[in-house]
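According to the working numbering, the sequence shown is numbered sequentially starting from 26. Quick reminder that beta carbons are idealized off the backbone N, C-alpha and C, glycines included. Quick caveat, the model's predicted, so the values are computed rather than measured. Some notes on the structure that comes next.
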Amino acid sequence: AGSIILRSVIFLVLFLLLLAGLILLPPVQGFISQKAVAYLEKKLDTKVALGKLYIGLPKTVVLEKVYIEDKQKDTLLYGGSLKVDIGIADLILGRGIHINSVKLDSITVNIKRQLPDTSFNFGFIVDAFASKDRQPKEDKDTSSMNFSIGSIELNNIRAVYKDTVTGNDVAANLVHFDTRFSAFDLQKMQFSIPEINLQGLTANVHQFQPLIASNTTAAADQTGNSTLPSIDIRSIGLQKINVDYSNDVSA
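So, in structure tokens, the structure goes:
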């Protein structure tokens, strides 16, 4: 019986090693990429493209030339390169989500909420993955879920936000941003950031008459929740900042 168990364990280990080796092969990663794109295009009923998927076990995932189109056939998201260093073993074993680093290069994001449809242009994604079970579920204790981030680096980011409902038209370009966390506690809402570097930010912010009057302050007062995050930032470096702001309501 002991030899059978030993052979079974050896076979399982070899099988996992073989599977890991196959995932590292470019043809296999290309196959996974094609299947993922086909699934998302069918699920979202829109154009999705992925130039390259790279999985470097045990913890590196890289996506290149990611493209997602909205229902108006405009660019919702384009990513030249998205690189995540994540503790995959911790994720599989249920020990939490531990992201060592996130690096985004050449990213374009277009968020819109315009007439005649006053829903966000990414709403179809939320609807596609929303649970069809509308019955209330028992609350699950998520307080023990561990989540942490080590460092974040952004390069060549362009973001557009047009919202008729709140009266905001924002376009921003960012050359470089980087930061790291020495402490990241979501339960206690305590964060420690030794350094933040931001270089080359150009933004145009235009505020106009909103479609619906904001009641954010009143809603916040009714909740009675006065808990604020504790953020300890030691150093902030800003270079080449250019922001143009205008407000039609207050002139």
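What is the rounded straight-line gap between the Cα of Ile174 and the Cα of Phe206?
-> The alpha-carbon atoms of Ile174 and Phe206 are separated by roughly 7 Å.
Residues near Ala208 by beta carbon distance below 7 Å, same chain, minus five either side | Here the set comprises Gln215, Phe216 and Ser217.
According to DSSP, what are the bridge partners of Val200?
-> Within the DSSP secondary-structure output, Val200 pairs in no beta bridge.
Give the DSSP-derived three-state secondary structure of Gln139 in the structure shown.
-> DSSP places Gln139 in the coil class of the three-state scheme, outside both helix and strand.
Which same chain residues, not among the five before or five after Leu263, have their C-beta less than 7 Å away from its C-beta?
-> Excluding sequence neighbours, Leu263 sits near Leu223.
Which one or two residues does DSSP pair with Tyr79 in a beta bridge?
-> DSSP lists Val87 as the bridge partner or partners of Tyr79.
What is the DSSP secondary structure of Gly225, counted as helix, strand or coil?
-> Correct three-state label for Gly225: strand.
Distance between Tyr186 and Tyr103 (C-alpha atoms, nearest Å) = C-alpha separation (whole angstroms): 15 Å.
Close-in-space but distant-in-sequence residues of the same chain around Arg259 (CB under 6 Å, 5 per side omitted) = So the qualifying residues of the chain are Pro219.
Find out if the Cβ-Cβ distance for the pair Leu75, Ser58 is shorter than 8 Å.
-> Yes, the Cβ-Cβ distance between Leu75 and Ser58 is below 8 Å.
Burial state of Arg120 (16 or more Cβ within 10 Å) | The residue in question, Arg120, is exposed, as its Cβ has fewer than 16 Cβ neighbours within 10 Å.
CB of Glu94 within 8 Å of CB of Leu88, strictly = In this structure, Leu88 does not lie closer than 8 Å to Glu94 by Cβ.
Selected residue, minimal CA-CA separation from Ile221, among Val134, His123 and Asp257 = If we check each option's Cα against that of Ile221, Asp257 comes out closest.
With 16 other CB atoms within 10 Å as the buried threshold, where does Asn272 fall?
-> Per the 10 Å Cβ criterion, exposed.
Identify whether Asp188 lies in helix, strand or coil by the three-state DSSP scheme.
-> Strand at Asp188.
Please work out which residues of its chain come closer than 8 Å, Cβ to Cβ, to Gly105, disregarding the five sequence neighbours upstream and downstream, and give them in chain order.
-> Excluding residues within five positions, the ones whose Cβ falls inside 8 Å are Glu89, Lys90, Asp130, Ser131, Ile132 and Asn181.
Counting only the same chain and skipping the five closest in sequence on each side, list residues whose C-beta sits under 7 Å from that of Leu65.
-> The beta carbon of Leu65 sits closer than 7 Å to the beta carbons of Val73 from its chain, once the five residues preceding and following it are set aside; these are given in chain order.
Classification of Leu78 by the beta-carbon crowding that lies within 10 angstroms, buried from 16 upward | Buried, by the Cβ-count rule.
On the premise that Val190 lies in contact with Arg138, defined as a C-beta separation below 8 Å, what is that separation, rounded to the nearest angstrom?
-> Going by Cβ atoms, the distance from Arg138 to Val190 rounds to 5 Å, so yes, they are a contact pair.
Excluding sequence positions up to five away, which residues of its chain have a Cβ less than 7 Å from the Cβ of Phe172?
-> Correct list, in chain order: Gly121, Ile122 and Leu211.
Local Cβ density within 10 Å of Asn267, reported as buried at 16 or more and exposed below that | So Asn267 counts as exposed.
Taking the alpha carbon of Ile261 as the point to measure from, which residue in Phe202, Tyr92 and Pro141 has its own alpha carbon closest?
-> Checked all of Phe202, Tyr92 and Pro141; the closest Cα to Ile261 is Phe202.
Name the residue from Val274, Arg183 and Thr71 whose alpha carbon lies nearest to the alpha carbon of Asn146.
-> Residue Thr71 is the option with its Cα nearest to Asn146.
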